[in-house]
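Asks: Chains as they are written, first to last, in the working numbering: chain A, 733 to 1131; chain B, 18 to 354; chain C, 39 to 327.
The following block contains the structure:
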């Protein structure tokens, strides 16, 4: 049995080596195109294609040879992590991908920890935001964000700006727990008081009862964490409809007011303050390039969100790593390339932590305002080069 | 309405070659499975998943197809079997066969308990009761984060090699053969049940429970028995799912999972045992293939396939065999029935 | 204390109104035509998307809501003639399979045309603001839902109880064979009822977009809720679906308010107990009770 396995393994690597010398480097992108998380797949793919349309999809390796970077897309269909695992297996064993990327949900990334090590394939995480993920495999590197990182500056900023009492409502899943923990930690550390908290069912869109409780507790602000999509839209609407805004309760959050979702709200969303790693209206050259590339390839309505951002940077870094190391290097060598990398991302300056293989970036405090008749997020503060606080609280045992 | 095709081929009237054809038909799925093992080209795990769903659908056939128990909650057994096997491996013993048996036992108990509570009802009421059960279990699994891992899934399953020799790995050979053997065993059991007097009585119960009671059949007990067996079988499929991927996610307890297995079974054809085989294979192959072309496309194709099957094939895809048989008979000029 | 209790009640009732509007069509068609229609949520979804499309381009909300009902009605008529008619003779399982197939196709179509992001219906300004109802401010939108729902429910009740059509409908639900035997054109009745049920669903989908968010997975996500209303109320019972919708709306809201963690359990546990207590539904039609 063992001999059969080794023989097959050797055959697989021989085949992949053979495939690579045909100068095509395949990258598997696993994301959801259908189901509850259907927006991620399309956003990832569009940004990837836009990047390749602008910067080309071939790079010259160190040996002077041309390598084409070809993305192979697979739909995880908003199903469970076992689906992601199955897709990854297929991509590795049949398509001989050299990288895996995409992965909007943390469970998807977690499910790949074992495979990435067994098959020695680097995984470039483009959204999965649970802090501990990058510790699960030395082949994991993340270019997007962690929830704790996005949330970190909010607590202190809130207290410093007149909010003494806060009520916290998060969605009932792991990222929600992270947001709850880190907002409360930093808010309390600054001197604030938490007057109540609740966890809402994951895809809930009916928040009236929760809003009632907030009204009763009379906080200065309500802090929210909801998955971007119908829950976040419904939450902000409920906040307005139930009269919380009229009662003077401020709304604080994170990714709920991304540009893409603002058209869903009325002007009552103006004044909402969020902490997030990407403000779409910023004028960084890289951001302008991303927006132009998207509009050129997909029409005027194409708007970037954090999925687009991560896919843009992810594609860039993957292509750069192949340019530096060629198409035949060992998985860990590609990971080493990512370590310590600094670049000017559309979001602002960004860096990959050389020890944790996780992203370090600015977190911006923004407020929703109306400019030229349109609702936008405007930066009103920032914290620079924030490292994921969970990693700081939980130093690695041995690395 | 019981169609003539429900009963095994009545050798008395049919000519020689149809019974030989029938034998070939019986051997076919197993031959295909064995050939696939050698030709799958690293796609073995897909085959393993299809076989797991065949087993799952077959279990539903016993409850829904033969006994007429309208259930939307079969994922409860699948999920409890999967989590049972997973938790057993983590906390009790990494031996996969012990874990498998534990999962089966657990699901049998669940079957008896829940069946006792709901089997006196019928129709939409029964449907909604089974739905409520699986929803409560699913919600519990979601909230019991520390036990189940919540929606990150059950992490840390490390299985020991079967019989100490055959280990689970990336290529999935052990998982495939293990699943195939388990499927074959359950198939034999299901076939035996369905062709026994007990099985025949289920047919009667499905069609007219009142009359069955009138002739003295202990209807409720029979229903409970088949529901329990069906639950144990579905639990076995769940255990296989956990073992073959070394992972259990919340989706095993999903309503969608219940829905898909129902669709798969009806698509293939109920009360045929083999309907499960055809339904699962076709559904997943079509979905897999069309998903690669375009993610949205597969919804159209699969949806269209379901609609077409209902409109044109009375008894699901298995009926293609009947249609062919009818055409052949007409060609051979035999007296039609 | 009283004001708060009243608020929770109003919340539950407004939610229940939407459930009623959408589910009443389902319960009547299931009771009358004995068809398990899992695609019913699609009609609500389509109505919602039509209303969303019109209001996003600045169209009048009321026009959009009527257009929603009309679109769903037309689609219902088309579907009844082409797809559902052959279904009457086939068994329940075939109906399940076919209607799920329809849901898949609808979901794929909506994603293709409108994309996967949540699709808003733009409500008129005065509906998005809280209204002073004496002891507190309460969302105008919810009051609107209660008012509209009550009017529609009353109209339907009147129709069902006091009109010839209603009498025919109740007769056919009780005993279709007998109804045919006394000369009723049952197939026209089926068609008309299906169309009205679909129109109501479309209307409910449009109005309810502030509670049941519009997205491609709408049909699959909410069909369970509608089926629960039908089962708990009693298949084929108009009054039953009203009472069940109210009960479920209130239980769900109360649960979320007092025990947010247990809210999900609470609803399904309540359904479980209700059905065990009254397997035929709370107010089943006479022939069934």
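Think of the CB as a built atom: it goes at the ideal place given N, C-alpha and C, for glycine as much as any other residue. Please read all numbers here as calculations on a predicted model, not as lab measurements.
Closest Cβ-Cβ distance between residue 122 of chain C and chain A: below 9 angstroms?
Replies: Cβ-Cβ to chain A under 9 angstroms: no for residue 122 of chain C.
Asks: So which of B/126, B/67, B/158, B/69 has the shortest CA-CA distance to residue 104 of chain B?
Replies: Answer by Cα proximity: B/158.
Asks: Can you confirm whether the stretch 982 to 996 of chain A touches the stretch 929 to 939 of chain A when touching is taken to mean that 3 or more C-beta pairs between the two stretches lie within less than 8 angstroms?
Replies: They do not touch, by the three-pair rule.
Asks: Only counting the same chain, and skipping five residues up and downstream in sequence, which positions put a Cβ closer than 7 angstroms to that of residue 753 of chain A?
Replies: Low confidence applies here, because residue 753 of chain A scores a pLDDT of 48, under 50, leaving its location unreliable; read the following figure in that light. Cβ within range, chain order: n/a, list empty.
Asks: Please tell me whether residue 851 of chain A has its Cβ less than 9 angstroms away from any Cβ of chain B.
Replies: At least one chain B Cβ lies under 9 angstroms of residue 851 of chain A.
Asks: When you compare the stretch 229 to 244 of chain C with the stretch 56 to 68 of chain C, are there three or more beta-carbon pairs, one atom per stretch, that lie closer than 8 angstroms?
Replies: Yes, since at least three Cβ pairs between the stretch 229 to 244 of chain C and the stretch 56 to 68 of chain C fall closer than 8 angstroms, the two stretches touch.
Asks: Interface residues of chain B around residue 796 of chain A at Cβ under 9 angstroms?
Replies: Correct list: empty, because the minimum Cβ distance to chain B is about 32 angstroms.
Asks: I need the straight-line Cα distance from residue 55 of chain C to residue 305 of chain B, nearest angstrom please.
Replies: Each residue's Cα considered, the two are about 41 angstroms apart.
Asks: Alpha carbon to alpha carbon, what distance is there between residue 292 of chain C and residue 50 of chain C?
Replies: Distance between the alpha carbons of residue 50 of chain C and residue 292 of chain C is about 7 angstroms.
Asks: Look up residue 97 of chain C in the DSSP assignment and say whether it is helix, strand or coil.
Replies: Residue 97 of chain C: coil per DSSP, three-state reduction.
Asks: Would residue 200 of chain B and residue 86 of chain B be called neighbours here (beta carbons separated by less than 9 angstroms)?
Replies: Not in contact: residue 200 of chain B and residue 86 of chain B (Cβ atoms no closer than 9 angstroms).
Asks: By a C-beta neighbour count over all protein chains shown, 10 Å radius and 16 as the cutoff for buried, is residue 212 of chain B buried or exposed?
Replies: Per the 10 Å Cβ criterion, exposed.
Asks: Determine the closest residue to residue 6 of chain B out of B/97, B/60, B/65, with distance taken between C-alpha atoms.
Replies: This structure leaves residue 6 of chain B out entirely; chain B is present only between 18 and 354.
Asks: Would you say residue 49 of chain C reaches chain B, if we count a Cβ-Cβ gap shorter than 9 angstroms as a contact?
Replies: No, no contact with chain B.
Asks: When DSSP labels each residue in this structure, what does residue 171 of chain B get in the three-state scheme?
Replies: Looking at residue 171 of chain B - three-state DSSP - the assignment turns out to be strand.
Asks: Of all the beta strand (DSSP E) runs that stay within the bounds of the stretch 1050 to 1082 of chain A, which reach a length of 3 or more residues?
Replies: DSSP runs (the beta strand (DSSP E)) wholly in the stretch 1050 to 1082 of chain A: 1074 to 1077.
Asks: How far does the beta strand (DSSP E) with residue 799 of chain A in it reach, from first residue to last?
Replies: Start and end: 798 to 807.
Asks: Establish whether the CB of residue 812 of chain A and some CB of chain E are separated by less than 9 angstroms.
Replies: In the structure shown, chain E cannot be found, because the protein chains are A, B and C.
Asks: Since residue 1005 of chain A sits in a beta bridge, which residues does DSSP pair it with?
Replies: Residue 1005 of chain A is bridged to A/984, A/1099.
Asks: Taking the beta carbon of residue 287 of chain C as the centre, do at least 16 other beta carbons fall within 10 Å, making it buried, or is it exposed?
Replies: Burial call: buried.
Asks: For residue 236 of chain C and chain B, any beta-carbon pair shorter than 9 angstroms?
Replies: Output row for residue 236 of chain C: interface = no.
Asks: Just mark residue 817 of chain A as buried or exposed, buried being the case when its beta carbon has 16 or more other beta carbons within 10 Å.
Replies: Its Cβ being crowded by 16 or more others within 10 Å, residue 817 of chain A is buried.
Asks: Kindly identify the DSSP beta-bridge partner or partners of residue 955 of chain A.
Replies: DSSP output for residue 955 of chain A lists A/900, A/984 as bridge partner(s).
Asks: Within 9 angstroms (strictly less), CB to CB, does residue 36 of chain B reach chain C?
Replies: Chain C contact via Cβ: absent.
Asks: What did DSSP end up calling residue 326 of chain B once you bin it into helix, strand or coil?
Replies: Here residue 326 of chain B sits in helix by DSSP.
Asks: If you measure from the beta carbon of residue 711 of chain A to each beta carbon in chain B, is any gap under 9 angstroms?
Replies: The requested residue 711 of chain A is not part of the displayed model; chain A covers only 733 to 1131.
Asks: Run down chain C in chain order and give the residues with a C-beta less than 8 angstroms from the C-beta of residue 992 of chain A.
Replies: Residues of chain C passing the Cβ test: 155.
Asks: How long is the line joining the alpha carbons of residue 1002 of chain A and residue 940 of chain A, rounded to whole angstroms?
Replies: Approximately 20 angstroms, taken between the alpha carbons.
Asks: Exposed or buried, residue 256 of chain C, counting other C-beta atoms within 10 Å across all chains shown (16 or more means buried)?
Replies: With 16 or more Cβ atoms within 10 Å of its Cβ, residue 256 of chain C is classed as buried.
Asks: Let me make sure I understand the geometry here. Which of B/137, B/318, B/118 has the alpha-carbon closest to that of residue 244 of chain B?
Replies: With distances taken between Cα atoms, residue 244 of chain B lies closest to B/137.
Asks: Would you tell me roughly how many angstroms separate the C-alpha atoms of residue 320 of chain C and residue 137 of chain C, rounded to the nearest one?
Replies: Their backbone Cα atoms lie some 26 angstroms apart in a straight line.
Asks: Does the beta-carbon of residue 1017 of chain A have 16 or more other beta-carbons within 10 angstroms, so that it is buried, or is it exposed?
Replies: Exposed: under 16 other Cβ atoms inside 10 Å.
Asks: With a cut-off of 8 angstroms on the beta carbons, I'd call residue 995 of chain A and residue 779 of chain A a contact; round off their distance for me.
Replies: Going by Cβ atoms, the distance from residue 995 of chain A to residue 779 of chain A rounds to 20 angstroms, so no, they are not a contact pair.
Asks: Does the stretch 920 to 931 of chain A come into contact with the stretch 898 to 905 of chain A, if we say contact requires no fewer than three beta-carbon pairs (one atom in each stretch) closer than 8 angstroms?
Replies: Because the criterion of three Cβ pairs below 8 angstroms is met, the stretch 920 to 931 of chain A and the stretch 898 to 905 of chain A touch.
Asks: Can you tell me where the beta strand (DSSP E) with residue 170 of chain C in it begins and where it stops?
Replies: 168 to 170 is the span of the beta strand (DSSP E), which, as asked, contains residue 170 of chain C.
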